[in-house]
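A quick write-up on the structure given underneath.
Numbering (this note's numbering), first residue to last: 32 to 210.
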């Protein structure tokens, strides 16, 4: 199957990049460009980004998510622990604060009714970005149009979850981050 060719919203994207509060490394610039090339081609991205803590992998993920959302696609950010989900949630909320983008969290930190609200809204295309633990892989999760999956620290997921993740590859653009 052919992948979706994302359009890059040049002005909006460069504004978003311009709001990055740190100095960008050469590696980061190159990886960000490679991801843009991947997303704008019609082959499904399956890219692994390796980098130590502090390399700025999250920023790379944020930029990919920005492009996907600007193409009216939903983004799933999958992380191995509740703590990491919370950290990413806070970073995404902060980084997208000037954007009209809805971001939700699926984790044990949310009440059953909060979780239900998010899960019920996903098939209607809300939120734009959902961040969660393996809860995101359960069978009651259904997206309107999932355009990008970002997987952080995939090596920390169990065998069953990894099998599930394999199903997405070749059907959704996938970006994996690892230290």
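Every residue, glycine too, gets a C-beta built ideally from N, C-alpha and C.
Reference residue i; option with closest CA among the options
| i | options | result |
| --- | --- | --- |
| residue 207 | 80, 100, 117 and 98 | 80 |
| residue 179 | 161, 151, 186 and 150 | 161 |
| residue 194 | 165, 176 and 177 | 165 |
| residue 73 | 41, 44, 37 and 131 | 37 |
| residue 96 | 124, 115, 58 and 112 | 124 |
| residue 91 | 60, 114 and 118 | 60 |
| residue 131 | 88, 100 and 142 | 100 |
| residue 151 | 76, 174 and 201 | 174 |
Where the alpha helix (DSSP H) containing residue i begins and where it ends
| i | result |
| --- | --- |
| residue 48 | 41-49 |
| residue 60 | 57-71 |
Limits of the unbroken beta strand (DSSP E) element including residue i
| i | result |
| --- | --- |
| residue 80 | 77-81 |
Short Cβ contact (8 Å threshold) for residue i with residue j
| i | j | result |
| --- | --- | --- |
| residue 192 | residue 153 | no |
| residue 94 | residue 63 | yes |
| residue 159 | residue 108 | no |
| residue 163 | residue 129 | no |
| residue 66 | residue 78 | yes |
| residue 205 | residue 182 | yes |
| residue 98 | residue 39 | yes |
| residue 111 | residue 43 | no |
| residue 75 | residue 201 | yes |
Rounded C-alpha distance that separates residue i from residue j
| i | j | result |
| --- | --- | --- |
| residue 9 | residue 56 | Absent from the model: residue 9. The displayed extent of the chain is 32 to 210, so no value can be given. |
| residue 188 | residue 113 | 13 Å |
| residue 47 | residue 149 | 26 Å |
| residue 41 | residue 102 | 12 Å |
| residue 144 | residue 49 | 37 Å |
Notebook entry, point to check: Which parts of the stretch 163-204 are runs of the beta strand (DSSP E), unbroken and 3 residues or longer, counting only runs that do not cross its ends?
Noted result: Listed in chain order, they are 177-183.
Next item on the list: Taking only runs that begin and end inside the stretch 89-154, name each unbroken beta strand (DSSP E) of 3 or more residues, in chain order.
Entry: Correct list: 105-109 and 134-137.
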